[in-house]
Structures are given as structure tokens and as C-alpha cells.
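Novice: Here it is, the structure in full.
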Amino acid sequence: MKRRDIEILSGFVEPQRASWGESVLDLHSKDQSHHGPHRPELVIWPLYVHEVSRILAYCNEHEIPVTAWGSGSSLEGNPVPVMGGVVLNFTQMNRILTLRANDFQVDVEPGLIYQDLNERLRPLGLFFPPDPGARATIGGMIGNNASGTRTVKYGSTKDYVLRLKVVLANGEVISIGSRASKSSSGYDLLHLFVGSEGTLGIIVEATLKLVGMPPDSSAMLASFREIRSAGEAVFGIMRAGLEPAALEVLSTECVELIKKETGLQIESGNLLFVEFLGPGKSYLWEVTSLCEDILRENGAVYLEKGIGRDKRDQIFRARHQLGEMIIRNHPNRGFLTTDVAVPISHFPELLVYARELTAGVNFPAYVFSHAGNGNIHVVLMGKKEDREEWAKIGMVNDSIVKKALEVEGTSTGEHGVGIGKSKFMELEHKSSLPWMKRVKELFDPKGILNPKKIFL
Ligand SMILES: Cc1cc2nc3c(=O)[nH]c(=O)nc-3n(C[C@H](O)[C@H](O)[C@H](O)COP(=O)(O)OP(=O)(O)OC[C@H]3O[C@@H](n4cnc5c(N)ncnc54)[C@H](O)[C@@H]3O)c2cc1C
């Protein structure tokens, strides 16, 4: 970017909302992943749609890269501005615009943090279910089509986006979708933008669907000697149609770490955490009894039933903080997280494959899973400067992805493609990949939006 471009672009907003200071550029050069840093040349904090539109029109004309930034909590380098240019940080554009509680809908700006939205909704008995755990923004969650522990029952972000206002690469503003809960009207452009990682347009407003919070809950913990048995129990629970609201596997090393870090009183072993939400005690009693039978049939060696809200909340907190605990416990190491998802019948096999692949390695590895969705994470911890170790970590990651694709799964269940998964796109999408590239060319012919992402 030329000095003149920086001056003109920063003049589109109030002076305190644009910066090219060293530390600001550094803060926007890296997300939470292992991918190396790339600095932008200018960071702008937009507040209004017309500002975003003006910035994009200018950047498009002058072929300046633009990358949207939410909280920067991605795990595949998704918001890293690899080609420099402008980063649009949306954290100040974070208002709840209209809350329509009677329609279970809310209009929000992209920088709103989803936990803050849920805090506001709590007194109304409503909530926005996708929960990636990190303090993510709605724009970033739509960008990555994020999911979380509740996805097994409620679905992922894509299931909660009804309408979007998007600024296209040339600065044009379009509205897509409607407030109806179903529609057969025209091409589904809405879901083209969900999960597009800021490569097709910039989201400046979203209408989200909300759901009512069921009044009662009951949680269970089961411990298994073998991780395969935990995986088979997951298959059994899903096969029985019990509809858990959370179904999480934690391998022994994760459980030991959580116990050490939090002092939580839980059994050792490979743990399966199951939660049910429902209208009342009798429903929950029935469904947890059926679940207990399935857990025992699949070799649970320990079972804790009827876990109340306090302990349930502690377990959820620990699960959401697990990534940070792992990082904290290995201060001289960086991490790579795998994120494959497979059809549920292949879940036990993939879990065992990941376990066996990491059993013999000489670096720490933690296996855990949003199991009900067949989504497996393995956090691999490598010494920061040890190239050989990182080559091995890369090989483990590649093997897990290839195995997932062999069984017709996906290379990324929730973290997105970003930088890290682009090398698998051809293998995964085959004949449809050129059509994805054509879509990109149609919306962003000059390739200014988050360049070098998704495609190699
Ligand atoms: C400890 C930890 C745990 C995590 N657990 C989960 C998990 O369980 N499930 C899960 O899905 N993810 C998880 N993640 C990953 C991450 O939190 C999510 O992907 C999250 O949705 C990213 O949101 P963000 O606001 O940080 O977005 P960013 O990382 O800032 O951006 C994400 C992508 O969206 C684009 N983007 C941002 N704003 C806009 C906009 N307004 N318009 C268009 N594009 C935009 C960016 O360019 C980028 O490509 C975890 C991350 C961490 C650090």
C-alpha cells in the first residue's frame, strides 16, 4: 500500500478508529493458531455500513487486500492478512439492533460477542446455541460456520442465520434471506456467505434465529478403559435417537489435566460427558435411564448420573478452557489442532486411529471430541524451534485428515479452511472445487477479500 492509500482510507473514519502503529499491526498479524504472523498495513475499526462500503470500493479500485477480523480466535489462520493491506476489526460495531423476542429473532452487528448476546437473552428464556467457547464474534462465527458442544442437538451457526447484510468487494451493499423460518425462494445465497471466511463479502448485519431454553437439564459422566468403547457408546446413544444436548469425549490425558488444573472431582479414564435438556424431571429420568443402559452395555466402568447444574457448569467451563490449559501446561511448545469430522458409524474407528497414531509419538498429544457430530480434535504440542518434531506433527495431521476423507468425512468440522486446510481442498472437493473458484471470481474478481485463503 502507498502512503497516500493509508491516508485516504484512514480519513474515511474518525482518527481514533484507524491505526498503523507497530503494536496494533502486530496484534492483527496472528490468530490463535500455529500459523506464522503476517502484518496488515492498516487497521480500521468501522462503526457504520457506509464506512465499510466506502473502504471496500476504494480498496477494490486500487486492488488493496481487505481482511475482516472478529476476535482473531480462529485456529487455522483464517483472519491472518497474509497479503498485508487493510484489516477491518469489527469489535466496535457490536450493537444488538432489534430484538424480536416474540419471533425468536435478533438483528445484530458483526462484532457482537456471542456470550454477551446470550447474557442479554437469558432473562427472556432465549438463547443462541452455537458455542465455540472462545470469546468469538457473530461475524467470525458466521465467517467460519462455527459450532460447539451444543451442535449435536441444535446444529451449527449456519442453522441460525436467517438474513445477512453484506458489503461486496466493489462496495455494493446487498441483503440476503428473509425473516421467515423457511423459504424456497431462489438460490440460497445466504448460506454461500456462511463459512466463506470473509472471502466473498463482508458481513455488516445479521438476523439470527434464537431458541427457547428448556427448563430442566440432567448430565452424566461415564468412564471407559478403552477410547473405542467410549466411541461405540456415542454411536449407541445417537442410534437410539436420545438427542443429547452435549456429547463430549475426553481422553485420559485431557481428564488428568482438567483434574490437575481445576480440582474438579471426576473419575479418571476416557470420559464421556452427556447432557440432556428437557421439559421436566420425568422426561429426563426416562432418557437418562435409557442412556445409562447404553453406556453400561458399551463397557462403562464408572457412571455418575443426575449431575446438577453447578457441577455441569464446572464441567462445561473446564471443557471450554481445555485448549488454554493445554497451552499453559507446555510453555515452550506451540500447538496444532486437528479438526476432522466423519459419519457417525466411522466415529469409533477414527477415534482409535487418532489415539494409536499419537500413542507412540514423543510429543504431547491430547484427543477430545464433539462426539455426537463425529468431530475429533487432536491437539499436538511441538517444541517451538524443532523442525523435525513439527514435520512429524504435520504428518500426523495429514494422516488423520486423509483417513477422515477416506470414510467420506471432512478435513474441517468447525475451524474452517483458512491457511492450514487449503492443501486438502482438491482431495476433499474434487470436481466441485473449480466451481467454488468460479464463485469466488464472480463475487471478488480482483481477489481483494482475504486473499490466499481456502484456495492454494
Ligand atoms: C480455545 C479455543 C477453542 C475453540 N473452540 C472452538 C469450537 O469448539 N468450535 C468452533 O467452531 N471453533 C472453535 N474455536 C475457533 C474460533 O473460536 C471460532 O472459529 C470463532 O468462530 C472465530 O470467531 P472470531 O470472532 O474470533 O473470528 P476471527 O478469527 O476474527 O475470524 C474468523 C473468520 O471470519 C472472517 N470474518 C470475521 N468477521 C467477519 C465479517 N464481519 N464478515 C465476513 N467475514 C468475517 C475472518 O476474516 C476469518 O476468516 C476455538 C478457538 C479457541 C482459541
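Read left to right, the sequence shown gives residues 0 to 455 (numbering that gives the first Met the number 0).
All C-beta atoms, glycine included, are put in the ideal place defined by N, C-alpha and C.
All of these numbers come straight from a predicted model, not from anything done at the bench.
Round the Cβ separation of residue 336 and residue 378 to the nearest angstrom and send it over; I've been treating them as touching at under 8 Å.
Specialist: Indeed they touch by this definition, with Cβ atoms about 5 Å apart.
Novice: Would the C-beta of residue 66 count as close to ligand 1, meaning under 7 Å from any of its heavy atoms?
Specialist: At least one heavy atom of ligand 1 is nearer than 7 Å to the Cβ of residue 66, so yes.
Novice: Taking all protein chains shown into account, do 16 or more other C-beta atoms lie within 10 angstroms of the C-beta of residue 101, making it buried, or fewer, making it exposed?
Specialist: Exposed is the call here.
Novice: Helix, strand or coil for residue 405, going by three-state DSSP, please let me know.
Specialist: Three-state result, residue 405: helix.
Novice: How about residue 30: is its Cβ closer than 7 Å to a heavy atom in ligand 1?
Specialist: Under cutoff, so the answer is yes.
Novice: Once the 5 residues before and after residue 392 are set aside, which same chain residues still bring their CB inside 8 Å of it?
Specialist: The residues are 335, 362, 379, 381.
Novice: Applying the criterion that 16 or more other CB atoms from any shown protein chain within 10 Å of the CB defines a buried residue, is residue 184 buried or exposed?
Specialist: Looking at its Cβ environment, which holds fewer than 16 other Cβ atoms inside 10 Å, residue 184 is exposed.
Novice: Answer yes or no: the CB of residue 236 versus the heavy atoms of ligand 1, is any distance below 7 Å?
Specialist: Not so, every heavy atom of ligand 1 lies at least 7 Å from the Cβ.
Novice: Return the first residue and the last residue of the alpha helix (DSSP H) that residue 284 is part of.
Specialist: 280-296 is the extent of the alpha helix (DSSP H) around residue 284.
Novice: Please determine, among 98, 130, 99, the residue with the shortest C-alpha to C-alpha distance to residue 113.
Specialist: Selected option, being the one with the closest Cα: 130.
Novice: For residue 312, count the other beta carbons within 10 Å of its own beta carbon; 16 or more makes it buried, fewer makes it exposed. Which is it?
Specialist: Per the 10 Å Cβ criterion, exposed.
Novice: To test your reading of the DSSP string, which unbroken beta strand (DSSP E) runs of 3 or more residues are found completely within the stretch 6-76?
Specialist: Listed in chain order, the complete beta strand (DSSP E) runs (minimum 3 residues) inside the stretch 6-76 are 41-43, 65-68.
Novice: Within a Cβ cutoff of 6 Å, which residues of the same chain sit near residue 138, ignoring the five residues on either side of it in sequence?
Specialist: Hits under 6 Å: 69, 89, 109, 202.
Novice: Could you check the C-alpha separation between residue 365 and residue 15 for me, to the nearest Å?
Specialist: If you take the alpha carbons of residue 365 and residue 15, they lie about 43 Å apart.
Novice: Three-state secondary structure (DSSP) at residue 121?
Specialist: Three-state result, residue 121: helix.
Novice: Leaving out five residues before and five after residue 283 in sequence, what residues of the same chain have Cβ atoms less than 8 Å from its Cβ?
Specialist: So the list reads 215, 216, 217, 275, 277, once near-sequence residues are dropped.
Novice: For residue 33, which of 384, 132, 405 has the nearest alpha-carbon?
Specialist: Among 384, 132, 405, the Cα nearest to that of residue 33 is on 384.
Novice: Please state if the CB of residue 325 and the CB of residue 478 are separated by a distance shorter than 8 Å.
Specialist: Since the first residue shown for the chain is 0 and the last is 455, residue 478 is missing from the structure and cannot be characterised.
Novice: Which same chain residues, not among the five before or five after residue 331, have their C-beta less than 8 Å away from its C-beta?
Specialist: For residue 331, where only same-chain residues beyond five positions count, the Cβ hits under 8 Å are 382, 383.
Novice: With a CB to CB cut of under 8 Å and the five nearest residues on each side skipped, what residues in its chain are close to residue 342?
Specialist: Correct list, in chain order: 373, 406, 407, 408.
Novice: If the criterion is Cβ atoms closer than 8 Å, does the pair residue 174 and residue 162 meet it?
Specialist: Yes, the Cβ-Cβ distance between residue 174 and residue 162 is below 8 Å.
Novice: For residue 425, count the other beta carbons within 10 Å of its own beta carbon; 16 or more makes it buried, fewer makes it exposed. Which is it?
Specialist: The residue in question, residue 425, is exposed, as its Cβ has fewer than 16 Cβ neighbours within 10 Å.
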